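Each remark here refers to the structure printed beneath this line.
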Amino acid sequence: MTSAHSGALRPVTLITGAAGGIGRALARLLASDHDLILSGRTSGPLDTLCGELGATPLLLDLTRPDTFEAAVAGLGRVTNVVHNAGVVDLGPVGTQAYDVWTHTLTVNTVAPAELTRLLLPGLRAAQGTVVFVNSGAGLRANAGWASYAASKHALRALADALRDEEAPHGVRVTSVYPGRTATEMQRRVRTQEGADYQPEVFIQPETVAATIAFVLNAPRDASLTDVTVRPGPRA
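In my numbering, the protein residues as written are 50 to 284.
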(Lines of atoms letter the chains of each structure in order from A; the text may use other names.)
(Lines give C-alpha, C1' and ligand atoms only; values in the text may rest on other atoms or scores of the structure.)
Protein backbone atom coordinates (compact mmCIF):
# COMPACT_ATOMS: atom_id res chain seq x y z
CA MET A 50 0.00 0.00 0.00
CA THR A 51 1.24 3.47 -0.84
CA SER A 52 1.37 5.57 2.30
CA ALA A 53 -0.05 9.07 2.39
CA HIS A 54 3.19 10.06 4.10
CA SER A 55 5.74 8.29 1.89
CA GLY A 56 9.12 9.99 1.93
CA ALA A 57 8.24 12.00 5.01
CA LEU A 58 8.60 11.46 8.73
CA ARG A 59 6.80 8.43 10.08
CA PRO A 60 3.21 9.36 10.88
CA VAL A 61 2.33 9.68 14.55
CA THR A 62 -1.06 8.12 15.18
CA LEU A 63 -3.07 8.52 18.37
CA ILE A 64 -5.65 5.82 19.08
CA THR A 65 -8.20 6.04 21.86
CA GLY A 66 -9.61 2.90 23.42
CA ALA A 67 -6.36 1.22 22.42
CA ALA A 68 -6.12 -1.45 25.11
CA GLY A 69 -8.63 -3.86 23.58
CA GLY A 70 -10.74 -4.84 20.59
CA ILE A 71 -10.44 -2.72 17.46
CA GLY A 72 -7.95 -0.32 19.05
CA ARG A 73 -5.50 -3.03 20.03
CA ALA A 74 -5.79 -4.72 16.63
CA LEU A 75 -5.17 -1.41 14.88
CA ALA A 76 -2.15 -0.61 17.04
CA ARG A 77 -0.54 -3.95 16.22
CA LEU A 78 -1.28 -3.47 12.53
CA LEU A 79 0.22 0.03 12.37
CA ALA A 80 3.22 -0.49 14.64
CA SER A 81 5.67 -1.28 11.85
CA ASP A 82 5.32 2.06 10.05
CA HIS A 83 3.57 4.45 12.45
CA ASP A 84 4.75 5.92 15.73
CA LEU A 85 1.89 5.28 18.14
CA ILE A 86 0.31 7.13 21.03
CA LEU A 87 -2.09 4.72 22.68
CA SER A 88 -4.78 6.11 24.95
CA GLY A 89 -6.80 4.40 27.64
CA ARG A 90 -8.48 5.10 30.93
CA THR A 91 -6.15 3.05 33.11
CA SER A 92 -2.64 1.62 32.91
CA GLY A 93 -2.02 -2.13 33.14
CA PRO A 94 -3.11 -3.60 29.78
CA LEU A 95 -2.30 -0.27 28.11
CA ASP A 96 1.24 -0.23 29.48
CA THR A 97 1.72 -3.85 28.45
CA LEU A 98 0.64 -3.11 24.88
CA CYS A 99 2.80 0.03 24.72
CA GLY A 100 5.79 -1.98 25.93
CA GLU A 101 5.16 -4.61 23.28
CA LEU A 102 4.87 -2.09 20.45
CA GLY A 103 7.24 0.64 21.62
CA ALA A 104 4.32 3.06 21.84
CA THR A 105 3.68 6.06 24.06
CA PRO A 106 0.88 5.61 26.63
CA LEU A 107 -1.63 8.41 27.21
CA LEU A 108 -4.07 8.16 30.10
CA LEU A 109 -7.32 9.99 29.36
CA ASP A 110 -10.52 9.94 31.38
CA LEU A 111 -13.11 10.38 28.64
CA THR A 112 -15.73 11.32 31.22
CA ARG A 113 -13.63 14.43 31.99
CA PRO A 114 -12.89 16.28 28.75
CA ASP A 115 -11.90 19.26 30.87
CA THR A 116 -8.71 17.36 31.80
CA PHE A 117 -7.56 16.76 28.23
CA GLU A 118 -5.64 20.00 27.70
CA ALA A 119 -3.17 19.23 30.46
CA ALA A 120 -2.92 15.57 29.42
CA VAL A 121 -1.96 16.28 25.80
CA ALA A 122 0.18 19.37 26.43
CA GLY A 123 3.49 17.54 25.98
CA LEU A 124 2.57 15.16 23.18
CA GLY A 125 4.44 16.88 20.38
CA ARG A 126 3.72 15.96 16.76
CA VAL A 127 0.45 14.13 16.01
CA THR A 128 -0.41 13.20 12.43
CA ASN A 129 -3.57 11.12 12.81
CA VAL A 130 -6.24 10.62 15.46
CA VAL A 131 -8.46 7.55 15.62
CA HIS A 132 -11.41 8.03 17.97
CA ASN A 133 -12.15 4.43 18.82
CA ALA A 134 -13.21 4.48 22.50
CA GLY A 135 -16.88 4.33 23.37
CA VAL A 136 -19.52 3.13 25.81
CA VAL A 137 -22.99 1.65 25.39
CA ASP A 138 -25.85 1.13 27.83
CA LEU A 139 -29.03 -0.24 26.36
CA GLY A 140 -32.49 0.67 27.59
CA PRO A 141 -35.75 2.28 26.50
CA VAL A 142 -36.23 6.02 26.63
CA GLY A 143 -38.91 5.53 29.25
CA THR A 144 -36.51 4.09 31.80
CA GLN A 145 -33.04 5.49 31.07
CA ALA A 146 -32.23 8.33 33.45
CA TYR A 147 -30.37 11.47 32.44
CA ASP A 148 -27.09 10.28 33.96
CA VAL A 149 -26.89 7.46 31.40
CA TRP A 150 -27.49 9.94 28.60
CA THR A 151 -24.95 12.38 30.00
CA HIS A 152 -22.30 9.69 30.43
CA THR A 153 -22.86 8.23 26.95
CA LEU A 154 -22.86 11.57 25.15
CA THR A 155 -19.81 12.79 27.06
CA VAL A 156 -17.68 9.74 26.26
CA ASN A 157 -18.91 9.10 22.73
CA THR A 158 -19.30 12.65 21.41
CA VAL A 159 -18.04 15.44 23.64
CA ALA A 160 -14.70 13.77 24.41
CA PRO A 161 -13.83 13.21 20.71
CA ALA A 162 -14.83 16.80 19.91
CA GLU A 163 -12.61 18.24 22.64
CA LEU A 164 -9.64 16.00 21.88
CA THR A 165 -9.90 16.90 18.20
CA ARG A 166 -10.06 20.60 19.01
CA LEU A 167 -6.90 20.43 21.07
CA LEU A 168 -4.98 18.48 18.44
CA LEU A 169 -6.14 20.42 15.38
CA PRO A 170 -3.11 22.71 15.08
CA GLY A 171 -0.82 19.71 14.75
CA LEU A 172 -3.21 17.87 12.45
CA ARG A 173 -3.34 20.90 10.17
CA ALA A 174 0.44 21.20 10.11
CA ALA A 175 0.75 17.51 9.19
CA GLN A 176 -2.26 17.51 6.85
CA GLY A 177 -3.33 14.47 8.81
CA THR A 178 -6.42 12.33 9.13
CA VAL A 179 -9.13 12.10 11.78
CA VAL A 180 -11.06 8.83 11.95
CA PHE A 181 -14.23 8.50 13.98
CA VAL A 182 -15.13 4.88 14.67
CA ASN A 183 -18.90 5.19 14.58
CA SER A 184 -21.46 2.36 14.43
CA GLY A 185 -24.42 1.13 12.47
CA ALA A 186 -26.34 2.87 15.24
CA GLY A 187 -24.99 6.13 13.87
CA LEU A 188 -27.08 5.53 10.75
CA ARG A 189 -30.25 4.07 12.26
CA ALA A 190 -31.67 3.95 15.80
CA ASN A 191 -33.44 0.82 16.99
CA ALA A 192 -35.62 0.34 20.05
CA GLY A 193 -33.56 0.23 23.22
CA TRP A 194 -30.60 1.97 21.60
CA ALA A 195 -31.69 5.61 21.88
CA SER A 196 -28.88 7.04 24.04
CA TYR A 197 -26.12 5.21 22.20
CA ALA A 198 -27.56 5.93 18.76
CA ALA A 199 -28.04 9.59 19.66
CA SER A 200 -24.37 9.83 20.62
CA LYS A 201 -23.32 8.18 17.38
CA HIS A 202 -25.64 10.30 15.23
CA ALA A 203 -24.05 13.31 16.91
CA LEU A 204 -20.59 11.88 16.21
CA ARG A 205 -21.50 11.66 12.54
CA ALA A 206 -22.57 15.32 12.61
CA LEU A 207 -19.27 16.23 14.26
CA ALA A 208 -17.36 14.40 11.52
CA ASP A 209 -19.38 15.93 8.69
CA ALA A 210 -18.94 19.49 9.97
CA LEU A 211 -15.25 18.97 10.75
CA ARG A 212 -14.63 17.59 7.27
CA ASP A 213 -15.94 20.73 5.58
CA GLU A 214 -14.23 23.05 8.06
CA GLU A 215 -10.81 21.43 7.77
CA ALA A 216 -10.69 20.66 4.06
CA PRO A 217 -8.95 24.01 3.36
CA HIS A 218 -6.24 22.94 5.83
CA GLY A 219 -5.70 19.57 4.15
CA VAL A 220 -7.09 17.53 7.04
CA ARG A 221 -9.04 14.45 6.00
CA VAL A 222 -11.99 13.23 8.10
CA THR A 223 -13.54 9.78 7.89
CA SER A 224 -16.42 8.08 9.68
CA VAL A 225 -16.18 4.28 9.85
CA TYR A 226 -19.41 2.41 10.60
CA PRO A 227 -18.66 -1.16 11.71
CA GLY A 228 -21.41 -3.70 12.15
CA ARG A 229 -21.34 -5.90 15.23
CA THR A 230 -17.72 -6.68 15.98
CA ALA A 231 -16.27 -9.43 18.18
CA THR A 232 -15.07 -7.31 21.11
CA GLU A 233 -15.62 -7.17 24.85
CA MET A 234 -18.06 -4.32 24.27
CA GLN A 235 -20.09 -6.62 22.07
CA ARG A 236 -20.00 -9.28 24.78
CA ARG A 237 -21.50 -6.75 27.20
CA VAL A 238 -24.12 -5.72 24.65
CA ARG A 239 -25.18 -9.32 24.15
CA THR A 240 -25.48 -9.72 27.93
CA GLN A 241 -27.69 -6.62 28.07
CA GLU A 242 -29.78 -8.08 25.26
CA GLY A 243 -30.07 -11.39 27.12
CA ALA A 244 -28.44 -13.21 24.22
CA ASP A 245 -25.42 -15.48 23.73
CA TYR A 246 -22.11 -13.98 22.64
CA GLN A 247 -20.82 -15.91 19.62
CA PRO A 248 -17.75 -14.06 18.35
CA GLU A 249 -17.44 -16.20 15.25
CA VAL A 250 -20.64 -14.72 13.77
CA PHE A 251 -19.45 -11.13 14.11
CA ILE A 252 -16.87 -9.05 12.22
CA GLN A 253 -13.41 -9.61 13.64
CA PRO A 254 -11.64 -6.58 15.13
CA GLU A 255 -8.66 -7.18 12.85
CA THR A 256 -10.96 -6.66 9.85
CA VAL A 257 -12.16 -3.28 11.09
CA ALA A 258 -8.56 -2.38 11.95
CA ALA A 259 -7.46 -3.19 8.40
CA THR A 260 -10.19 -0.90 7.07
CA ILE A 261 -9.04 1.96 9.30
CA ALA A 262 -5.42 1.39 8.29
CA PHE A 263 -6.44 1.65 4.64
CA VAL A 264 -8.15 4.98 5.38
CA LEU A 265 -5.08 6.34 7.16
CA ASN A 266 -2.64 5.22 4.49
CA ALA A 267 -4.74 6.12 1.45
CA PRO A 268 -2.92 8.31 -1.10
CA ARG A 269 -3.52 12.03 -0.76
CA ASP A 270 -5.63 12.21 -3.91
CA ALA A 271 -8.39 10.27 -2.10
CA SER A 272 -10.54 11.09 0.89
CA LEU A 273 -12.72 8.30 2.19
CA THR A 274 -15.55 10.17 3.87
CA ASP A 275 -17.85 7.37 5.07
CA VAL A 276 -16.96 3.68 5.20
CA THR A 277 -19.48 1.04 6.25
CA VAL A 278 -18.19 -2.39 7.27
CA ARG A 279 -20.81 -5.12 7.35
CA PRO A 280 -20.51 -8.85 8.08
CA GLY A 281 -19.62 -10.83 4.97
CA PRO A 282 -21.93 -13.45 3.42
CA ARG A 283 -21.84 -16.86 5.05
CA ALA A 284 -22.27 -20.20 3.36
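Each residue gets a CB set at the ideal place from its N, CA and C atoms; glycine is no exception. Just so you know, these numbers come straight off a predicted model, no measurement behind them.
Sort the options by Cα distance to residue i and report the nearest one.
i	options	result
leucine 58	Gly66, Asp82, Ala190	Asp82
leucine 102	Asp209, Gly185, Ala74, Val220	Ala74
leucine 169	Ile71, Ala192, Arg205, Asn129	Asn129
leucine 204	Arg77, Ala162, Leu139, Val127	Ala162
alanine 195	Pro227, Thr153, Ser92, Leu109	Thr153
leucine 78	Thr62, Gly243, Thr91, Thr274	Thr62
threonine 178	Gly93, Ser224, Pro106, Gln241	Ser224
alanine 206	Gly243, Val182, Val238, Pro280	Val182
histidine 132	Ala208, Pro254, Asp245	Ala208
leucine 139	Val238, Lys201, Pro280	Val238
valine 220	Val159, Val156, Ala192, Ala267	Ala267
threonine 274	Phe263, Pro282, Arg113	Phe263
glycine 243	Thr65, Pro94, Ser272, Gly193	Gly193
serine 200	Pro114, Arg212, Thr155, Glu255	Thr155
alanine 271	Ala68, Val257, Ala216	Ala216
Does residue i pass the burial test, meaning 16 or more other C-beta atoms within 10 Å, or should it be called exposed?
i	result
alanine 222	The residue you asked about is not alanine; residue 222 is valine in the sequence shown. Buried.
tyrosine 314	The first residue shown for the chain is 50 and the last is 284, placing residue 314 beyond what the model contains.
aspartate 84	buried
histidine 218	exposed
tyrosine 331	Absent from the structure is residue 331, since the part of the chain shown begins at 50 and ends at 284.
glycine 292	The structure shown does not extend to residue 292, since the chain spans only 50 to 284, so no value can be given for it.
glycine 72	buried
proline 60	buried
leucine 265	buried
glycine 70	buried
threonine 240	exposed
glycine 93	exposed
proline 282	exposed
With a cut-off of 8 Å on the beta carbons, I'd call residue i and residue j a contact; round off their distance for me.
i	j	result
leucine 111	leucine 98	About 18 Å separates the two Cβ atoms, so there is no contact after all.
valine 127	glycine 171	5 Å
glycine 185	glycine 228	5 Å
leucine 108	alanine 120	7 Å
Quick check on DSSP: helix, strand or coil for residue i?
i	result
aspartate 84	strand
tyrosine 246	coil
aspartate 321	The requested residue 321 is not part of the displayed model; the chain covers only 50 to 284.
threonine 112	coil
proline 254	helix
proline 227	strand
asparagine 157	helix
glutamine 241	helix
alanine 122	coil
valine 149	helix
asparagine 191	coil
arginine 269	coil
alanine 68	coil
threonine 97	helix
serine 184	coil
Quick one: is the Cβ of residue i within less than 7 Å of any heavy atom of the ligand FMN?
i	result
asparagine 191	In terms of ligand content, the structure shown is empty, and the ligand FMN therefore cannot be addressed.
Does the CB of residue i have a neighbour CB from chain B at under 8 Å?
i	result
histidine 218	Annotation note: the requested chain B is absent from the structure, which comprises a single protein chain.
DSSP beta-bridge partners for residue i?
i	result
arginine 221	Thr178
valine 323	What the structure shows of the chain is the stretch from 50 to 284, and residue 323 is not part of that stretch, so it cannot be assessed.
threonine 105	Ile86
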